[in-house]
Ligand SMILES: Cc1cc2nc3c(=O)[nH]c(=O)nc-3n(C[C@H](O)[C@H](O)[C@H](O)COP(=O)(O)OP(=O)(O)OC[C@H]3O[C@@H](n4cnc5c(N)ncnc54)[C@H](O)[C@@H]3O)c2cc1C
Ligand code: FES
Ligand code: FES
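Residue numbers (UniProt numbering), protein chains in the order written: chain A, 1 to 163; chain B, 1 to 284.
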């Protein structure tokens, strides 16, 4: 067992964990933070994306012991006093989800993009979300939601795909 | 997707890491960014008894300028490599190829040294360091040694590194004035290349004075397309480049897998070499 101390969504936790425990399982099974889902066995889907010390990671591909001493933000830590962020609201208003399984990862990845690039083009949004798979929406509304969250109007569809 | 049990240490220095590796022998594994090792552990394709996490050794990160070469710490992440101003300026080929690796979250964790030590012939970066004539520096219980990239890769997922050796830095000669391009062919946005071609071209009076061509996924190790490199010397127009690129697959032994047959890969190597060299030479 290894001792770890991690701050997750503003709360500090100290635990003894097995080194093989994945951060995704630590968040879900030990801390009960099931807002971060696990969607694959291969590190491909991005559903489990969280923020680790200011950069997105796939929490299924990080050991809990590697997060020792770090700050983790999950999708559950974004809203303040029950108020959604502009990005979360945009996903809701633009129908950027159907089943919602990919949504936490999409939101965390889009948040990472908007921090570095507050006014991305559709193309840049698609590039930034390349590690996040959605089996439902066809991505169009996700891209539109991220554009809306950055205060931009969605361009016409033909332009959107090639821009 | 639960990895097998293992012990874990997190050394604070290179010396401490090498000692931990030497004490554990064959049953220890280095953990860098974990973006290749953790998937293997989860699929139970690797069973180390000890995992040595080198992720918090500060001296292994960052890029410095040493005159005619850049020295890149093995633990420098893909994200940091592709955004580094020195790399962009003096080793643009490496920055361009790194941008095509995986996706942003994987690039935040995965490291240059990890990609090279992992030695997946389908990785993008082994062929790139081979094309840049880089040198790899390793530290083991008997000290430090420098290994030219062309001697580093031995076979599928195999390098000359001993189990108790740590890759510490990658020395990349500056390629100022050379044109470059990395042409990667893959089916979906976030994926390894079916075939990738790295091209580095020095021009003189409108002609190609010297060309280097590296191939990803055309054999069990990254390769240089030596015959095409020779044929490219002196090429002065796109037709000459296209003719030279016809020999890009000579001497290669690409694999058969669901993404393509050896014949298809050889075809891709020729087409992608032509495209990569034309772009690198500014003739595209
Ligand atoms: C979804 C996904 C998509 C990907 N797509 C691509 C892609 O398109 N192209 C591509 O090239 N790669 C791709 N990768 C692999 C990625 O680039 C990895 O980051 C990289 O292969 C390994 O680097 P790492 O630091 O994560 O190494 P780790 O996973 O930590 O280690 C990998 C291996 O190298 C050894 N090792 C690591 N560092 C050292 C060292 N300093 N000294 C000695 N041994 C060491 C480890 O023991 C292990 O055997 C992808 C990965 C994922 C998960
Ligand atoms: S669950 Fe982490 S990438 Fe799919
Ligand atoms: S909304 Fe169902 S996977 Fe994206």
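Glycine included, every Cβ here is placed at the ideal spot set by N, Cα and C.
Residue i at chain B interface by Cβ criterion, 8 Å
{"i": "residue 62 of chain A", "result": "yes"}
{"i": "residue 150 of chain A", "result": "no"}
{"i": "residue 173 of chain A", "result": "This structure cannot speak to residue 173 of chain A, because chain A is shown only from 1 to 163."}
{"i": "residue 58 of chain A", "result": "yes"}
{"i": "residue 120 of chain A", "result": "no"}
{"i": "residue 8 of chain A", "result": "no"}
{"i": "residue 36 of chain A", "result": "no"}
{"i": "residue 20 of chain A", "result": "yes"}
{"i": "residue 55 of chain A", "result": "yes"}
8 Å Cβ cutoff, residue i in contact with chain A
{"i": "residue 62 of chain B", "result": "no"}
{"i": "residue 189 of chain B", "result": "yes"}
{"i": "residue 96 of chain B", "result": "no"}
{"i": "residue 218 of chain B", "result": "no"}
{"i": "residue 258 of chain B", "result": "no"}
{"i": "residue 73 of chain B", "result": "no"}
{"i": "residue 18 of chain B", "result": "no"}
{"i": "residue 53 of chain B", "result": "yes"}
{"i": "residue 23 of chain B", "result": "no"}
{"i": "residue 1 of chain B", "result": "yes"}
{"i": "residue 78 of chain B", "result": "no"}
{"i": "residue 42 of chain B", "result": "yes"}
Option nearest residue i by Cα separation, candidates the options
{"i": "residue 76 of chain A", "options": "A/35, A/110, A/151, A/7", "result": "A/35"}
{"i": "residue 189 of chain B", "options": "A/84, A/128, A/137", "result": "A/128"}
{"i": "residue 225 of chain B", "options": "B/152, B/248, B/259", "result": "B/248"}
{"i": "residue 192 of chain B", "options": "B/144, B/216, B/104", "result": "B/216"}
{"i": "residue 234 of chain B", "options": "B/274, B/67, B/60, B/211", "result": "B/211"}
{"i": "residue 68 of chain A", "options": "A/19, A/139, A/122", "result": "A/19"}
{"i": "residue 220 of chain B", "options": "B/262, B/35, B/37", "result": "B/262"}
{"i": "residue 16 of chain B", "options": "B/41, B/55, B/42", "result": "B/55"}
{"i": "residue 102 of chain B", "options": "A/42, A/120, A/108", "result": "A/42"}
{"i": "residue 48 of chain B", "options": "B/6, B/232, B/12, B/131", "result": "B/6"}
{"i": "residue 194 of chain B", "options": "B/186, B/200, B/201", "result": "B/186"}
{"i": "residue 20 of chain B", "options": "B/276, B/90, B/53", "result": "B/53"}
{"i": "residue 229 of chain B", "options": "B/239, B/277, B/258", "result": "B/277"}
{"i": "residue 218 of chain B", "options": "B/259, B/130, B/122, B/2", "result": "B/122"}
{"i": "residue 161 of chain B", "options": "B/201, B/98, B/114, B/184", "result": "B/114"}
{"i": "residue 288 of chain B", "options": "B/253, B/98, B/118", "result": "A query on residue 288 of chain B cannot be resolved here, the shown segment of chain B reaching from 1 to 284 and no further."}
Residue i and residue j closer than 8 Å at C-beta
{"i": "residue 14 of chain B", "j": "residue 166 of chain B", "result": "yes"}
{"i": "residue 131 of chain A", "j": "residue 54 of chain A", "result": "no"}
{"i": "residue 46 of chain B", "j": "residue 60 of chain B", "result": "no"}
{"i": "residue 137 of chain A", "j": "residue 97 of chain A", "result": "yes"}
{"i": "residue 138 of chain B", "j": "residue 145 of chain B", "result": "yes"}
{"i": "residue 132 of chain B", "j": "residue 152 of chain B", "result": "no"}
{"i": "residue 170 of chain B", "j": "residue 116 of chain B", "result": "yes"}
{"i": "residue 59 of chain A", "j": "residue 27 of chain A", "result": "yes"}
Buried versus exposed, by CB contacts within 10 Å (16 or more), residue i
{"i": "residue 134 of chain A", "result": "buried"}
{"i": "residue 163 of chain A", "result": "Confidence in residue 163 of chain A is poor, its pLDDT being 48 and thus under 50, which makes the residue's placement unreliable; the coordinate value appears in the next sentence. Looking at its Cβ environment, which holds fewer than 16 other Cβ atoms inside 10 Å, residue 163 of chain A is exposed."}
{"i": "residue 5 of chain A", "result": "exposed"}
{"i": "residue 270 of chain B", "result": "buried"}
{"i": "residue 112 of chain A", "result": "buried"}
{"i": "residue 2 of chain B", "result": "exposed"}
{"i": "residue 32 of chain B", "result": "buried"}
{"i": "residue 99 of chain A", "result": "exposed"}
{"i": "residue 62 of chain A", "result": "buried"}
{"i": "residue 119 of chain A", "result": "exposed"}
{"i": "residue 12 of chain B", "result": "exposed"}
{"i": "residue 115 of chain A", "result": "exposed"}
Integer Cβ distance of residue i from residue j, believed to fall under 8 Å
{"i": "residue 112 of chain B", "j": "residue 78 of chain B", "result": "7 Å"}
{"i": "residue 164 of chain B", "j": "residue 18 of chain B", "result": "6 Å"}
{"i": "residue 105 of chain B", "j": "residue 72 of chain A", "result": "Between residue 72 of chain A and residue 105 of chain B the Cβ distance is about 13 Å, and since that is not below 8 Å, they are no contact."}
Contact test: residue i Cβ vs ligand 4 heavy atom, cutoff 7 Å
{"i": "residue 109 of chain A", "result": "The ligand content of the structure shown is limited to ligand 1, ligand 2 and ligand 3, which means ligand 4 is not among them."}
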